[in-house]
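Each residue of the sequence shown is one higher than the one before, starting from 10 at the first, in the working numbering.
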Amino acid sequence: MLFINSLLKDIEERKLAGEARPGDPEITPELVAEHGLSEGEFEQILGILGRTPTFTELGVFSAMWSEHCGYKNSKPLLRTLPTQAPWVLQGPGENAGVIDVGDGLAVAFKIESHNHPSAVEPYQGAATGVGGILRDVFTMGARPIAVLNSLRFGELDGPSAGRVRYLFAGVVKGIGDYGNCVGIPTVGGEVFFDASYEGNPLVNAMAIGLMKQEDLITAIAEGVGNPIMAVGSRTGRDGIHGATFASAELTHESEAKRPMVQVGDPFTEKLLLEASLELIRSGHIVGIQDMGAAGLVSSSTEMAARGGTGVDIEITRVPVREPNMTPYEILLSETQERMLVVAKEGREEEVQAILRKWELEAETIGRVTGSGRYVIREQGRIVVDIPGEPLVTGCPTYTREGRESERVTELRAWSPEGLRPRDEEQDPAWAFLTLLDSPTIASKRWVYEQYDSTVRTNTVVGPGSDAAVLRLRGTRRAIAVTTDCNGRYCYLNPYRGGQIAVAEAARNLVCTGALPRAVTDNLNFGNPLKPEVYHQLSEAVRGIGEACRVLETPVTGGNVSLYNENPAGAIYPTPTIGMVGVIEDLDHVTTAGVQNEGDAIVLLGSNSDELGGSEYLKAVHGIVAGDAPALDLLAEKRLQQSLLETIRFGWIRSAHDLAEGGLAVALAESAIADEANPLGVDVELDDALPPAALLYGEAQSRVLVSCVGGDIDRVLAHFTSHGVEARQIGRVGPAGGRFRVTTPDLVIDLPIATIVRTYYDAIPRRMDASPIDVATALDSEVYVP
10 MLFINSLLKD
20 IEERKLAGEA
30 RPGDPEITPE
40 LVAEHGLSEG
50 EFEQILGILG
60 RTPTFTELGV
70 FSAMWSEHCG
80 YKNSKPLLRT
90 LPTQAPWVLQ
100 GPGENAGVID
110 VGDGLAVAFK
120 IESHNHPSAV
130 EPYQGAATGV
140 GGILRDVFTM
150 GARPIAVLNS
160 LRFGELDGPS
170 AGRVRYLFAG
180 VVKGIGDYGN
190 CVGIPTVGGE
200 VFFDASYEGN
210 PLVNAMAIGL
220 MKQEDLITAI
230 AEGVGNPIMA
240 VGSRTGRDGI
250 HGATFASAEL
260 THESEAKRPM
270 VQVGDPFTEK
280 LLLEASLELI
290 RSGHIVGIQD
300 MGAAGLVSSS
310 TEMAARGGTG
320 VDIEITRVPV
330 REPNMTPYEI
340 LLSETQERML
350 VVAKEGREEE
360 VQAILRKWEL
370 EAETIGRVTG
380 SGRYVIREQG
390 RIVVDIPGEP
400 LVTGCPTYTR
410 EGRESERVTE
420 LRAWSPEGLR
430 PRDEEQDPAW
440 AFLTLLDSPT
450 IASKRWVYEQ
460 YDSTVRTNTV
470 VGPGSDAAVL
480 RLRGTRRAIA
490 VTTDCNGRYC
500 YLNPYRGGQI
510 AVAEAARNLV
520 CTGALPRAVT
530 DNLNFGNPLK
540 PEVYHQLSEA
550 VRGIGEACRV
560 LETPVTGGNV
570 SLYNENPAGA
580 IYPTPTIGMV
590 GVIEDLDHVT
600 TAGVQNEGDA
610 IVLLGSNSDE
620 LGGSEYLKAV
630 HGIVAGDAPA
640 LDLLAEKRLQ
650 QSLLETIRFG
660 WIRSAHDLAE
670 GGLAVALAES
680 AIADEANPLG
690 VDVELDDALP
700 PAALLYGEAQ
710 SRVLVSCVGG
720 DIDRVLAHFT
730 SHGVEARQIG
740 RVGPAGGRFR
750 VTTPDLVIDL
760 PIATIVRTYY
770 DAIPRRMDAS
780 PIDVATALDS
790 EVYVP
């Protein structure tokens, strides 16, 4: 504080670019700190300007140099990720990544977080997260064809179950309502429940869009004199400083920031979508960008930076919906459903005609300049005058010292050798049914039944499978999409956890018949200023990078969400991977469920003693300990390549990767994938492993496949010739039959109806146990005491 005071005194006589507005607060050390800027960062700002910033300029720097916009703690790490491949048409740095999917078509896709807003106002937080990610995709020139989500909540059975259920229900409804109203199917995703997310849920939304390659457009402001237009909803006071809110920890006071959460309007979004795509195809515009995080500030500065230009904006020309809004409020508002368009000079009327057709308001608010400066005027008087480049590329970045916490080191050293079965495990089926009843493993039907997953009729495989599949109309091709991450693995071993997130996402795609092509990532972590959190972040990124290089899935962009903490502690590190793959022919589409009685069941990959970090340890024993499962990336690649070949040969009837819950759970999921027509299975295992490790261990690089009995010899020979262990472990039984798994130590033998009931009723039973008391949930803390 003393340092900042002395700097202010030294320059107090310097002339401001514009006079301070009446009523603007004095720039003090306390005000600087409230804007999330450090003493060193404020010193840089003074050096850039050569004077004290105005209050509005301070807000501009605060937003653009926040973690959410400036990536100050993650950019050095992100630069280590692989980003290039012949099929990548647009990599990081744009609104979304774009890849070539053949036949002159391209797919734009991106994942983005709305964690902090959803912790405060779950319905609107989630809904506006969907809206924002859709705009990122259609501003590239792509028509959105699907949405996925990756969600994390606290325990549905825990001490804060009332608030967790309130957040869970609100987020799911927000996602469903927004997507359903816009007419974009929500086709898949994942949901995990763990106490580490209580008070700080994770809401990551991914959108996918399809375009012709020639329709690709970028968010750029170039051409001196070209008009800059604000399009869509009128600007209000909602979401002001949302970017800096997302760059700070949740606290007791976070609930008071409910007005900061934006409010979505999906019907305006639909109009914006159609108008934007028509504008892009018209040839009347140069660039277009969503006014997302940091609103008009980020969209205008980023577009100018990409074009190497400046902008000059008259702030009073921005359409507003509330009286007496200040330049500070207008610039930093995150009102939803707004776009910034740079039109070609002389084409303003053509642009306005298209926007009138879609009943959208638009106003020319400024011009592109050649000055390289970011200038904002209020009735002609300059209130912001900043060199543009430092705002966007000059955000200070930090490479910090990280170290693993002693607690994690101790936990990872845990060994299952001393683990004793619980008394209840004298019943061989008890642990198995306990896992099927775990909300993390159980069916997410309660979630996806609230989504329209088939609107637009492109969905070939929807929610509930390893990955969603969407046909590309006019071709024989399809794309497969998925999201994946296990935060518990990343907590115990962030390097392995990062690798596994990529490997499992790719494995999910291959199980549908797709060749994995590219990644978008959402890095959800705690406070990077804490050495143990920075260690998690840097190690997870290192693991992601290595896996992406081996599996040839470059990273095309994504999002970083840090400061996911509250007074109860940090979330598990959760680097969510969104991945897209290409299916060459619709005939190759494969699903997770076994198909016919008598088919052979084949296990690909090796069973090993991998109970560390497993759902079995957590759900059955209440233990989070051990090392994350080992992963051989080259073995993983061999498995995926050989499996994809057999699928293309037409030899495989079903394929399902082994993940949380291990072999026993994967068998059950394959048997009951069709809830209305579940099939029995009869499996015999002879591995010399402890029963828990054999049935519920989470060893990597394993897949269950089924094939016609007559094909078994060539299927096994094919995998063996590629260095992949493969063996028949059983057969598919009759519809409505029994689920029977025999090991050297125990036998699980249950009616398939028992498994269906346990798996599909687990979440509805908890959510319907008693009405959700919204008032109580709202009054409770945003964290677990």
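C-beta atoms are modelled at their ideal positions from N, C-alpha and C, and glycine is treated no differently. Computed from a predicted structure; not experimentally measured.
Query	Result
Less than 8 angstroms between the C-beta atoms of residue 248 and residue 331, yes or no?	no
Would you mind stating whether residue 614 and residue 523 have Cβ atoms separated by less than 8 angstroms?	no
Going along the chain, which unbroken runs of the beta strand (DSSP E) with 3 or more residues stay wholly within the region 336-383?	347-352 and 371-378
Go ahead and label residue 233 buried or exposed: buried means 16 or more other beta carbons lie within 10 angstroms of its beta carbon, across all protein chains shown.	exposed
For residue 520, does the three-state DSSP call read helix, strand or coil?	helix
Starting from residue 201, follow its DSSP beta bridges and name the residues at the other end.	161
In chain order, what residues of the same chain have a beta carbon less than 7 angstroms from the beta carbon of residue 338, not counting five sequence neighbours either side?	246 and 249
Does at least one heavy atom of the ligand SAM sit under 7 angstroms from the Cβ of residue 193?	You won't find the ligand SAM in this model; it holds no ligand whatsoever.
Is the beta carbon of residue 740 less than 8 angstroms from the beta carbon of residue 607?	yes
Curious, which full-length beta strand (DSSP E) runs of at least 3 residues does the region 417-475 contain?	468-470
From which residue to which residue does the alpha helix (DSSP H) around residue 284 run?	275-291
Just verifying my parser: in three-state terms, what is the DSSP assignment at residue 90?	coil
Using the rule of at least 16 other Cβ atoms within 10 Å of the residue's Cβ for burial, across every protein chain shown, is residue 207 buried or exposed?	buried
Would you kindly work out how many angstroms separate the C-alpha atoms of residue 75 and residue 158, rounded to a whole number?	25 angstroms
Leaving out five residues before and five after residue 644 in sequence, what residues of the same chain have Cβ atoms less than 6 angstroms from its Cβ?	710
Please specify which runs of the alpha helix (DSSP H), each continuous and at least 4 residues long, are wholly inside the region 615-677, giving them in chain order.	624-630 and 642-658
Mind checking who residue 122 pairs with in its DSSP beta bridge?	213
Within 10 angstroms of the Cβ of residue 708, are there 16 or more other Cβ atoms? Answer buried if so, exposed if not.	buried
Give the DSSP-derived three-state secondary structure of residue 612 in the structure shown.	strand
In three-state terms, what does DSSP make of residue 190?	helix
Assuming residue 662 and residue 717 form a contact by the criterion Cβ under 8 angstroms, report the distance between their Cβ atoms to the nearest whole angstrom.	7 angstroms
Who are the near neighbours of residue 224 in its chain, counting only those whose CB is closer than 7 angstroms to its CB and skipping five residues on each side?	150, 289 and 290
Taking the runs of the beta strand (DSSP E) that are 3 residues or longer, which of them lie wholly in the region 712-792?	712-716, 735-744, 747-751 and 756-760
Have a look at residue 634 and residue 426 and give me their C-alpha separation to the nearest angstrom.	13 angstroms
For the candidate residues 724, 66, 46 and 760, whose alpha-carbon lies nearest to that of residue 385?	66
Can you name, in chain order, every residue of its own chain whose Cβ lies under 6 angstroms from the Cβ of residue 483, other than the five neighbours on each side?	none
Could you tell me how far apart the beta carbons of residue 116 and residue 219 are, in whole angstroms, since I believe they sit closer than 8 angstroms?	6 angstroms
With DSSP run on the structure shown, which of helix, strand or coil describes residue 174?	helix
Helix or strand or just coil, what does DSSP make of residue 526?	strand
Per DSSP, what kind of secondary structure is residue 181 in: helix, strand or coil?	helix
In chain order, what residues of the same chain have a beta carbon less than 8 angstroms from the beta carbon of residue 778, not counting five sequence neighbours either side?	none
Along the chain, where does the beta strand (DSSP E) containing residue 584 start, and where does it finish?	583-592
Quickly, what does DSSP pair residue 693 with across the bridge? List them, please.	751
Report the rounded CA-to-CA distance for residue 671 versus residue 571, giving the unit in angstroms.	31 angstroms
Could you work out which residue in 397, 185, 244 and 140 is closest to residue 216 when comparing CA atoms only?	140
Give every residue of the same chain whose Cβ lies closer than 7 angstroms to the Cβ of residue 547, excluding the five residues on either side of it in the sequence, and list them in chain order.	86 and 411
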